[in-house]
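According to the numbering used here, the sequence shown is numbered sequentially starting from 1.
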Amino acid sequence: MMKKMSIPTSKASLVLFLCQIISALDVPLDSKLLEELSQPPTITQQSPKDYIVDPRENIVIQCEAKGKPPPSFSWTRNGTHFDIDKDAQVTMKPNSGTLVVNIMNGGKAEAYEGVYQCTARNERGAAISNNIVIRPSRSPLWTKEKLEPNHVREGDSLVLHCRPPVGLPPPIIFWMDNAFQRLPQSERVSQGLNGDLYFSNVQPEDTREDYICYARFNHTQTIQQKQPISVKVFSTKPVTERQPVLLTPTGSTSTKVELRGNVLLLECIAAGLPTPVIRWIKEGGELPANRTFFENFKKTLKIIDVSEADSGNYKCIARNTLGSVHHVISVTVKAAPYWITAPRNLVLSPGEDGTLICRANGNPKPSISWLANGVPIAIAPEDPSRKVDGDTIIFSHVQERSSAVYQCNASNEYGYLLANAFVNVLAEPPRILTPANKLYQVIADSPALLDCAYFGSPKPEIEWFKGVKGSILRGNEYVFHDNGTLEIPVAQKNSAGTYTCVARNELGKIQNEMQLEIKDPTMIIKQPEYKVIQRYGQVSFECIIKHDSTLLPTVTWLKNNDELPDDERFLVGKDNLTIMNVTDKDDGTYTCIVNTTLDSVSASAVLTVVAAPPTPAIIYARPNPPFDLELTGQLERSIDLSWIPGDENNSPITNFVIEYEDALHEPGVWHYQTEVPGTQTTAQLKLSPYVNYSFRVIAVNKIGRSQPSEPSEQYLTKSASPDENPANVQGIGSEPDNLVITWEPLKGFQSNGPGLQYKVSWRQKDVDDEWTSVIVANVSKYIVSGTPTFVPYEVKVQALNDLGYAPEPSEVIGHSGEDLPMVAPGNVQVHVINSTLAKVHWDPVPLKTVRGHLQGYKVYYWKVQSLSRRSRRHIEKKILTFRGNKTFGMLPGLEPYSSYKLNVRVVNGKGEGPASPDKVFNTPEGVPSSPSFLKITNPTLDSLTLEWGSPTHPNGVLISYTLKFQPINNTHELGPLVEIKIPANESSLILKNLNYSTRYKFYFNAQTSVGSGSQITEEAVTIMDEAGILRPAVGAGKVQPLYPRIRNVTTAAAETYANISWEYEGPDHANFYVEYGVAGSKEDWKKEIVNGSRSFFVLKGLTPGTAYKVRVGAEGLSGFRSSEDVFETGPAMASRQVDIATQGWFIGLMCAVALLILILLIVCFIRRNKGGKYPVKEKEDAHADPEIQPMKEDDGTFGEYSDAEDHKPLKKGSRTPSDRTVKKEDSDDSLVDYGEGVNGQFNEDGSFIGQYSGKKEKEPEGNESSEAPSPVNAMNSFV
């Protein structure tokens, strides 16, 4: 077969798509323009594909479309033309394609079942709707059946079948009793997905005669019930326990097919005693963490928004103490077609090119077919500019006759997608949409924007001119925007004038003129100034302005950024503000604001009020209480009260407060009634019905309130219906399926009479439904059950008593109960800003999936590991909450050079939704912390040895260390500073050629590629000339630390034990202990005592594969312990080797070895008692390495090990470091360096086995023993 030379499909599609973007026109949303331009029809509204209608109401089949000229409409029914004029029951709405089938006047809904399709057509093409399948809802009656009582033995299983009638849509099933109360459900008793009620085992309390299954048909708002089922449980002693047996599904395997995007529901219900517990797993994979939910006491596995990746075998396991049973459900996820790229409308100019692309996916793969104006494209009229290439239609050199509406149909066995997209070829001369002769006014030195909105096809070119005969505008002083706008960034006085915008294409030319005026800026030439004024004085603030003569300014004064007090003491003049009789409350900041139509300026000043000169003291006091209260003019709803004021005590009475007592409802409690000015001694009081009133009066002056007057006589009012309804009515659900209506009950005197009750009414908002009402006693809450999750309700509460109802109450909007959000935020992105700060973005979740009031989003983030150490640690998650519908947030306080994970969850009033997939991000390097320690040892006449530990927080990859040092003389003056760069892999340095008997100060820090970290300092002194001082004492070879400390705790873990080692600095003969526990646990620390003063210990009996925390302390040193370290034991490994410890040949060999060791020990003991040398001495003599020779105590020279020094510690020449330290960088991960060398190894108990050697291949650093070899160590060396 011949091959055609062609561009690859992917590249051709890309080129065509770019051409489409470049050539397609943007039509401005100008209403006048849109009315004038021709446009093919577009379907704007249509009924759903599967349309279930109420058979009692008129059928409305929607079809709305727009176009120019307005489209005409036609319909097909079951594939043939539907002649509406011949059916008297069917009408079409004017200027619309919507059909109305009149069912309420004699029509039968069943007669109009079928498949309908709408076509909207004008001279530029035809658009079609989806196939709309009309089916009337059905709620058939329950078939009559004779139900026998169920006699069940205690402990047996039971299934009560519901078998509801088949309705359209299927009914919602629930079980209730005769009192309309839902039957309680639990792990033992629950309703299956098919509506049946399952008992894993029956109990005596299950005996009842009113197990009733209800079917609710939501579409017709009807509820039907099955005949009551009777269950009688008889007991047998003892009750036999049973292992689990599956009630549903049956068998060991089953299959299920679900469509992509739907909710997958899998169910397992088991019988057994004790009640089995259900567990779900996915074979060969994990359940999706963000989309998996367990319902019905874990008997139902629910996975939302399923995809092809969710296909597989799901196993449910039912288990109790007697055994288990399982069932495997093989799930296959298919997919109805879904869009990858839906075709989009295309507006082109004559001669241009373009493409329509229609891409969809599904399982099985959907087939793509094209229609033109509703007709299959294969039989549609030919168009030479059109070429169909699978899912793409390519248009080349289109003409006006190429305008049409194309339909793309993607279908497979599970459904179809239909999309309309028109190609509209327009040839339009230029139009300028901005009004002509528009006037623009701007302030000098500010930007000016001159609009020139335009349209034309082909797209016009825009040019600007200034002046009547001016040349075209060019240059950097102008900015020309794509939408036609001309911007003058800094408008000057000479920028004023007439500007002309010209739009032209091959079909014509049009221009528009506009005027630009430049105004002088507004200025405050004399601003208000700070003032200090005495109390009761007068003050004035000036505000003199200068402005453009053509602009009208307005001056406003503010006090503390708020309006001036409504006080006649404040006088606002043309250029000033004057305050008369100043008081303390006039203190504050006063601002003058000048506004014009183009700009605004302001200036502020502070006023401080000080005390006036002192005056003779006058004694002020609270007034005396009023007296002689009298009631007159008694009516049903009012009464007159009069009184005589008491003495005002040099402070005028400002007002009287009147209080009342209701002896009928709240005796002894006084309530506020009203207050009147201090010049008034009578008041007409409003009364409420059914209250036994008495009154008292309190006088008030600037000093305070008087004592209450004596109470007046009592007055009882008559009963009446309530005047008011409860306040603070709310509707808030406490569960996903209820609505809790609450209100503040009326107080006793508000009831207006006996028998107070409330009428509670509710209905679902935006649903044409009647009010549901109930009358309740004098309570403050009513619960509506069985509501949909989080939908709005209209709620009202009306008071009533024995005499009648209160006025009609107002309605409030409430919501039924919230449920947890369904989906996680998507498209989570992290932008790392620096080494300690990152910004996270996410897409908001659809509001319909929030299922509650959106409160915000929570970001969980945690450190996974340090990139420098690659060691995991106990994870401590941090949470940041971002209120409202925010889609981003900042993560502060991150650690540099670390790996982090985060996820995002949406939060509503119910709680948190599922987490988004964990997002991993890394922080860049930062500067390191200071080195963990700096020790100076081995002082000599001219040298010092420096040892250091790597930084606790490297914050990156260490590249070097910097050491700076300088001498210090006796007057504490610093000498010249010397700097040395040290490679990052070094941990010690010998400084030579130093001055004897000189103090040096050292500065030491580490560097990463980012920079230098903080430094650590230390001081040390070289020793004096031997002629000047005595020999240094034993142990003087190192600089003693000022404080005791334990640090550099390191671990080497195996499956069930771990070697713990540490460094100690402080007083000799410290007794150590090790504390440990499971990481993350709140249990108390376990404590182990270390024998002797060793700096290592072995923790035994640990659990494999477990993270532990450990720390080391010293007995007798209160509060003195190391920092915590975390390690993890190795996983348990199944050994395939034979246990040689139980083999006879091995036991014989060990006995022979033990005998040889015993003989050697006896020989050593004899030679030692004779003053001989150890075998190790012979090796030291052979190697003659001075660094491993012991020092004599008297003169510091090197000598032999003798029996005279048996009880003395090893001297300076000992291989064991005098400070018993292990370098942290060499022992972080394992003890391999020590266990595989020629010179020694670590045994399980942590001891170091080996001989003294002259080799210098590796400095021994660790827990070497300073004692003579023991029989135990000798034995261990052979293990």
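For each residue, glycine too, the CB sits at the ideal point set by N, CA and C.
(message) For Leu-551, report the span of its alpha helix (DSSP H) as first-last.
(response) Counted as a single uninterrupted DSSP element, the stretch harbouring Leu-551 is not any alpha helix (DSSP H), since DSSP gives it neither H nor E.
(request) Identify the continuous beta strand (DSSP E) that holds Val-490 and give its terminal residues. (result) Per DSSP, Val-490 lies in no beta strand (DSSP E) segment and is marked neither H nor E.
(message) Closest to Val-740 by C-alpha separation, out of Val-784, Asp-1125 and Arg-705, would be which residue?
(response) Of the candidates Val-784, Asp-1125 and Arg-705, the one whose C-alpha sits nearest the C-alpha of Val-740 is Val-784.
(message) Need the endpoints of the alpha helix (DSSP H) that Leu-847 sits in, please.
(response) Residues 847-850.
(request) Pull up the distance between the alpha-carbon of Phe-1363 and that of Glu-209, whole angstroms please. (result) Any question about residue 1363 goes unanswered here, given that the chain covers just 1 to 1279.
(message) Quick check on the DSSP output: what are the complete alpha helix (DSSP H) runs of length 4 or more inside the segment 728-797, in order along the chain?
(response) Every candidate alpha helix (DSSP H) stretch fails here, since none sits fully inside the segment 728-797 while reaching 4 residues.
(message) Less than 8 Å between the beta carbons of Gln-534 and Val-606, yes or no?
(response) Going by C-beta atoms, Gln-534 is not nearer than 8 Å to Val-606.
(message) Which same chain residues end up closer than 8 Å to Asp-628 when comparing Cβ atoms and leaving out the 5 residues on each side of it in sequence?
(response) Closer than 8 Å at Cβ, skipping near neighbours: Trp-643 and Ile-644.
(message) Runs of 3 residues minimum, wholly inside the segment 791-832: which ones carry the beta strand (DSSP E) assignment?
(response) Entirely contained in the segment 791-832, the beta strand (DSSP E) runs reaching 3 residues are, in chain order, 792-801 and 812-815.
(request) For Trp-142, name the three-state secondary structure that DSSP assigns. (result) Here Trp-142 carries a coil assignment [DSSP, helix/strand/coil].
(message) Taking 8 Å as the cut-off, does the segment 841-859 touch the segment 924-932 (at least 3 CB pairs, one atom from each stretch)?
(response) Between the segment 924-932 and the segment 841-859 there are fewer than three C-beta pairs closer than 8 Å, too few to call the two in contact.
(message) I need the straight-line Cα distance from Gly-1080 to Lys-877, nearest angstrom please.
(response) The straight-line gap from Cα to Cα measures roughly 12 Å.
(request) Sort Gly-312, Ile-303, Tyr-1000 and Ser-1009 by Cα distance to Glu-1019 and report the nearest one. (result) The residue from Gly-312, Ile-303, Tyr-1000 and Ser-1009 with its alpha-carbon nearest to that of Glu-1019 is Tyr-1000.
(request) Within its chain, find whatever has a CB closer than 7 Å to the CB of Gln-511; leave out the 5 residues flanking it on each side and keep chain order. (result) Within the same chain, Thr-500, Cys-501 and Val-502 come within 7 Å of Gln-511 by CB-CB distance, once the 5 residues on both sides are set aside.
(request) Please confirm whether Ala-699 and Ser-688 have their CB atoms less than 8 Å apart. (result) Contact check for Ala-699 against Ser-688 fails: the beta carbons are separated by 8 Å or more.
(message) Buried or exposed for Tyr-672, going by 16 or more other Cβ atoms inside 10 Å?
(response) Classification for Tyr-672: exposed.
(message) Check this for me: beta carbons of Val-233 and Val-152, under 8 Å apart or not?
(response) In this structure, Val-233 sits near Val-152, with a CB-CB distance shorter than 8 Å.
(message) Suppose you measure from the CA of Ala-635 to the CA of Val-691; what does that come to, to the nearest Å?
(response) For clarity, residue 635 is Leu in the given sequence; the question names Ala instead. About 13 Å.
(message) For Leu-309, count the other beta carbons within 10 Å of its own beta carbon; 16 or more makes it buried, fewer makes it exposed. Which is it?
(response) The amino acid occupying residue 309 in the given sequence is Ala; Leu does not appear at that position. Exposed is the call here.
(request) Please determine, among Ile-833, Gly-415 and Val-697, the residue with the shortest C-alpha to C-alpha distance to Glu-895. (result) If we check each option's Cα against that of Glu-895, Ile-833 comes out closest.
(message) Could you check whether Gly-913 and Pro-821 sit closer than 8 Å to each other, using their CB atoms as the reference points?
(response) Taking 8 Å as the Cβ cut-off, Pro-821 and Gly-913 qualify as a contacting pair.
(request) Indicate the three-state DSSP secondary structure (helix, strand or coil) for Gly-1250 in the structure shown. (result) Residue confidence is low: Gly-1250 scores 35 on pLDDT, short of 50, so the model does not pin down where it sits. Its coordinate-derived value is still stated next. Here Gly-1250 sits in strand by DSSP.
(message) Considering just the uninterrupted stretch of the beta strand (DSSP E) at Pro-667, what are its terminal residues?
(response) Looking at the DSSP string, the run of the beta strand (DSSP E) that includes Pro-667 is 666-677.
(request) Give the secondary structure of Ala-1058 by DSSP, where H, G and I count as helix, E and B as strand, and everything else as coil. (result) Ala-1058 falls in the strand class under three-state DSSP.
(message) Quick check on DSSP: helix, strand or coil for Gly-1077?
(response) Of the three classes helix, strand and coil, the one that applies to Gly-1077 here is strand, per DSSP.
(message) Under 8 Å, with one C-beta from each stretch per pair, do the segment 812-821 and the segment 900-916 reach the 3-pair mark?
(response) The segment 812-821, when compared against the segment 900-916, does touch it at the 8 Å Cβ threshold.
(request) Can you give me the Cβ contacts of Thr-591 inside the same chain, cut-off strictly under 6 Å, excluding the 5 residues immediately before and after it? (result) The residues are Leu-558, Ser-602 and Ser-604.
(message) Looking at Asn-903: is its Cβ nearer than 8 Å to the Cβ of Leu-854?
(response) The Cβ atoms of Asn-903 and Leu-854 lie no closer than 8 Å to each other.
(request) Grab me the residues of Pro-976's own chain with a C-beta within less than 7 Å of its C-beta, minus the 5 sequence neighbours each way, in chain order. (result) Gln-966, listed in sequence order.
(request) Could you please give the first and the last residue of the uninterrupted beta strand (DSSP E) stretch that includes Lys-935? (result) If you look at Lys-935, you'll find it in the beta strand (DSSP E) that goes 931-937.
(request) Could you tell me which of Gln-764, Gly-817, Val-830 and Pro-825 sits nearest to Glu-811, measuring between CA atoms? (result) Checking every option, the nearest Cα to that of Glu-811 belongs to Gln-764.
(request) Could you spell out the range, first to last residue, of the beta strand (DSSP E) harbouring Phe-455? (result) From DSSP, the beta strand (DSSP E) with Phe-455 extends over 454-457.
(request) Leaving aside the five residues before and after Val-442 along the sequence, list all residues of the same chain whose C-beta is less than 6 Å from its C-beta, in chain order. (result) Here Val-442 has Ala-448 and Ala-491 as same chain residues with Cβ atoms under 6 Å from its own Cβ, once five neighbours each way along the sequence are excluded.
(request) Determine the closest residue to Pro-623 out of Leu-507, Ser-709 and Pro-40, with distance taken between C-alpha atoms. (result) Distance check between Pro-623 and each of Leu-507, Ser-709 and Pro-40 places Ser-709 closest, using alpha-carbon atoms only.
(request) Would you kindly check if the distance between the Cβ of Asn-701 and the Cβ of Asp-723 is under 8 Å? (result) A distance of 8 Å or more separates the beta carbons of Asp-723 and Asn-701.
(message) Since Lys-901 and Val-850 should fall inside the 8 Å C-beta cutoff, what is the C-beta to C-beta distance between them, to a whole number of angstroms?
(response) About 25 Å separates the two Cβ atoms, so there is no contact after all.
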